[in-house]
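Structure first, commentary second.
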Amino acid sequence: MDTKYRSEKPDTKLKMDVGWGSLPLLPLGCVLDHLSMEDALAASSTCRHWRNAILVFARQRDLLKLEVKNLEKSLFLTRLFKKNTRRLHIYIDTTGQELDTFMKCILPLFFETMSLNELAFIGPSYASRYYTPTAELKRIIVESLIFKHRHSLQRLILLGCEMATPKNDNDRFVHKHLEQYSRPPLSFSTVPSLDDTILTRRNVELMMFSTLQNIVIDYEYLSPGTIDTLTQLPHLSLLTLNIGHKQEIPRLEWPPQSLKVAINIISVPAHRFYEIMKQVLVEDLQLVSLKVMFCKTFHIPLLSYISRLYKRTLQELVWVDAPADTNAPSHRIVEPKSEDMCVNHILLLCWQCVHLRRLVIHGYWLWQYDVAGMLRLRRSLEHFDVSAVYGRQDQYGFCGSNVMRVLASDNLAVLDNEYVRKINKDIEFKWVPSAYAELPRALKRGASPKDRADYIAYEMTKSPLLQSV
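When we follow full-length UniProt numbering, the leftmost residue of the sequence shown carries the number 1, and every step to the right adds one.
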């Protein structure tokens with residue numbers, strides 16, 4: 001046999017390199033598609049092959065978060081993911097020239113998005129511990145974007161920001177797509193009007209085929225004229241109102257059979273809850289959801305009040321806090337205390353609110369037999385989430401029917417599997433208790449204002465009434 005062409009050493013070049021750097025694009029794209037936005041950006045800087053995989057397969061990001069303060073990163077992300085973004089959250093962490101640049105140079109690029117389902121603006125007051133001015137959005141740009149996506153947009157969120165009255169028509173010409181969609185029949189008044197607080201009344205009348213189902217705004221921007229304008233939207237079924245500790249709370253008379261309403265109480269001190277009960281939670285309100293977030297109190301009088309007044313309409317109750325930044329036992333009992341030590345008002349609410357579908361409580365201890373009672377009393381529940389359940393009634397001292405706050409040093413142990421199995425035998429859905437490690441960062445010790453803003457934005461998108469959004 002002629003061995004003339006036989007190689008003495010095996011040809012290593014013919015061997016396939018199976019390292020991460022040479023994986024085929026399809027499986028690599030499937031792996032990278034599960035990364036968070038920050039991790040995907042880090043992966044794109046690893047090598048050209050990974051960058052190509054992200055550009056080809058990871059463009060369909062369901063949720064895109066942009067920060068106004070970081071203009072270069074926001075512009076890069078927008079160019080990368082704008083085509084297939086479905087949910088856009090914009091964190092306005094600065095005002096002034098940077099916000100003006102973002103509104104004129106980056107936001108108009110989303111006129112090229114194929115189908116935008118959710119648009120959210122989160123103002124600086126939700127992401128900072130300190131006083132910050134309200135962010136003013138450029139009305140012509142934002143409303144034109146809403147009009148462009150009127151056949152797909154289902155939720156609009158305005159937190160800590162307002163739609164500014166335009167001074168002139170100059171904003172129409174900052175981008176070619178904006179010039180196309182902002183021209184007549186759309187029109188914008190240069191005179192402030194209560195009817196145009198959220199959306200311009202004359203433009204709403206042009207949106208008869210709009211798919212907008214849910215609008216989230218701060219309570220201070222609500223007026224009878226605003227309600228009258230929003231009721232012109234044909235598919236609007238839920239109006240979500242946020243009440244913060246810096247806001248005034250005027251009384252508003254609701255027209256009979258008006259919109260269904262969700263109330264979010266955010267970082268409000270305990271002494272203002274009575275004002276909210278008197279001014280906001282009025283008899284004609286069609287309240288379907290109440291969320292109390294980061295108020296450092298479990299207000300029993302409010303709980304008792306809503307279980308009496310809204311027992312036929314309430315479908316969702318969320319009450320969450322991070323653990324208290326103290327280990328002092330005196331901070332475990334929250335104020336105000338219950339006047340009737342023999343009545344458990346959480347159980348009473350579960351019994352009276354016949355349409356309750358979602359119940360979430362974090363940051364407060366619940367007795368294991370109370371948890372079992374909640375689930376067995378209210379068979380309509382579809383989602384139940386608690387993270388602090390104790391076994392012995394005297395584990396933290398006798399507190400009667402009062403709720404106890406979770407402290408920084410408390411150990412939130414995983415519930416016994418047999419206890420969970422027994423409860424699941426008697427309810428309509430499978431309940432899986434939340435472990436402390438799995439909670440969002442906003443509900444853990446040392447949470448930052450940005451963490452809380454993320455959780456608030458997350459809760460704005462959770463509603464048993466709007467599962468399709």
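We treat Cβ as the ideally placed atom computed from N, Cα and C, and that holds for glycine.
Remember, it's a predicted structure, so these values are computed and weren't measured experimentally.
Is DSSP giving H355 helix, strand or coil here?
-> Coil, per DSSP.
Return yes when the Cβ of R86 is within less than 8 Å of the Cβ of S45, no when it is not.
-> Taking 8 Å as the Cβ cut-off, S45 and R86 do not qualify as a contacting pair.
List the endpoints of the continuous beta strand (DSSP E) containing R87.
-> R87 to Y91 is the span of the beta strand (DSSP E), which, as asked, contains R87.
Report the option in N411, L412, V432 and R139 whose CA atom is closest to the CA atom of R421.
-> The residue among N411, L412, V432 and R139 with its C-alpha nearest the C-alpha of R421 is V432.
Going by DSSP, what residues sit across from W365 in a beta bridge?
-> Answer is M404, bridged to W365.
Taking only the alpha-carbon atoms, compute the straight-line gap between E316 and F294 and give it to the nearest angstrom.
-> Approximately 17 Å, taken between the alpha carbons.
Which listed residue (V360, V403 and D410) has its alpha carbon closest to that of S434 = Nearest C-alpha to S434: V360.
Hey, is the segment 227 to 235 in contact with the segment 202 to 218, meaning 3+ C-beta pairs nearer than 8 Å?
-> For the pair of segments examined, the segment 227 to 235 was found to touch the segment 202 to 218: the number of CB pairs separated by less than 8 Å reaches three.
Identify, in the order they occur along the chain, each residue of the same chain with its Cβ nearer than 7 Å to the Cβ of I140, setting aside the five sequence neighbours on each side.
-> The answer, listed in chain order, is P166, D171, R172, S182 and F188.
Reduced DSSP secondary structure (H/G/I, E/B, other) of L349 = Taken through DSSP and simplified to helix, strand or coil, L349 comes out as helix.
Just the C-alpha distance for Q286 and L375, rounded to the nearest angstrom, thanks.
-> Those two C-alpha atoms are separated by around 25 Å.
Rounded C-alpha distance that separates L349 from I266 = Looking at the two C-alpha atoms, the distance is approximately 21 Å.
Rounded separation between H177 and I92 - CA only | One C-alpha to the other measures close to 23 Å.
Is it a yes or a no for the segment 234 to 250 touching the segment 274 to 285, going by three-plus beta-carbon pairs under 8 Å?
-> Enough Cβ pairs lie closer than 8 Å, so yes.
Cα-Cα, which of C47, I276 and A40 is closest to H299?
-> Residue nearest to H299 within the set C47, I276 and A40 is I276 (criterion: CA-CA distance).
Going along the chain, which unbroken runs of the alpha helix (DSSP H) with 4 or more residues stay wholly within the segment 289 to 332?
-> 300 to 309, all fully within the segment 289 to 332.
Where does C47 sit, in a helix, a strand or coil, going by DSSP?
-> C47: coil per DSSP, three-state reduction.
Considering V216, what are the terminal residues of the beta strand (DSSP E) in which it resides?
-> N214 to D218 is the span of the beta strand (DSSP E), which, as asked, contains V216.
What are the start and end residues of the beta strand (DSSP E) that includes L63?
-> Boundaries of the beta strand (DSSP E) harbouring L63: L63 to E67, taken from the DSSP string.
Taking just the CA atoms, how far does G391 sit from W367?
-> One C-alpha to the other measures close to 6 Å.
By a C-beta neighbour count over all protein chains shown, 10 Å radius and 16 as the cutoff for buried, is V414 buried or exposed?
-> By the 10 Å Cβ count, V414 comes out exposed.
Distance, V334 Cα to P301 Cα | It is roughly 12 Å from the alpha-carbon of P301 to the alpha-carbon of V334.
Check the C-beta distance from A408 over to N327 and give it rounded, since I have them as a contact under 8 Å.
-> The C-beta distance from A408 to N327 rounds to 6 Å, short enough to meet the 8 Å contact threshold.
So what does DSSP say about N417, is it helix, strand or coil?
-> The answer is helix: DSSP assigns N417 an H, G or I state.
Give the DSSP-derived three-state secondary structure of L206 in the structure shown.
-> Residue state, collapsed to three classes: coil.
Count the other C-beta atoms from every protein chain shown that fall within 10 angstroms of the C-beta of A437, then say buried if there are 16 or more, exposed otherwise.
-> So A437 ends up on the exposed side.
Through-space distance from T313 to L212, alpha-carbon basis | Our two residues, L212 and T313, have alpha carbons roughly 22 Å apart in a direct line.
Per-residue DSSP class, three states only, for G373 | Looking at G373 - three-state DSSP - the assignment turns out to be helix.
Terminal residues of the beta strand (DSSP E) in which D385 lies | First-last of the beta strand (DSSP E) with D385: H383 to V386.
How would you label E248, buried or exposed, when you count the other beta carbons within 10 angstroms and need 16 or more for buried?
-> Exposed, since its Cβ has fewer than 16 Cβ neighbours within 10 Å.
Proximal residues to Y455 (C-beta, below 6 Å), its chain only, five neighbours per side dropped = Within the same chain, Y455 has close Cβ partners P440 and A442.
Rounded to whole angstroms, how far is the Cβ of G160 from the Cβ of I122, which I believe are closer than 8 Å?
-> About 7 Å separates the two Cβ atoms, so the contact holds.
Go ahead and label G446 buried or exposed: buried means 16 or more other beta carbons lie within 10 angstroms of its beta carbon, across all protein chains shown.
-> Exposed, since its Cβ has fewer than 16 Cβ neighbours within 10 Å.
Which residue comes first and which comes last in the alpha helix (DSSP H) that contains A447?
-> Boundaries cannot be given for A447, as no alpha helix (DSSP H) includes it and DSSP labels it neither H nor E.
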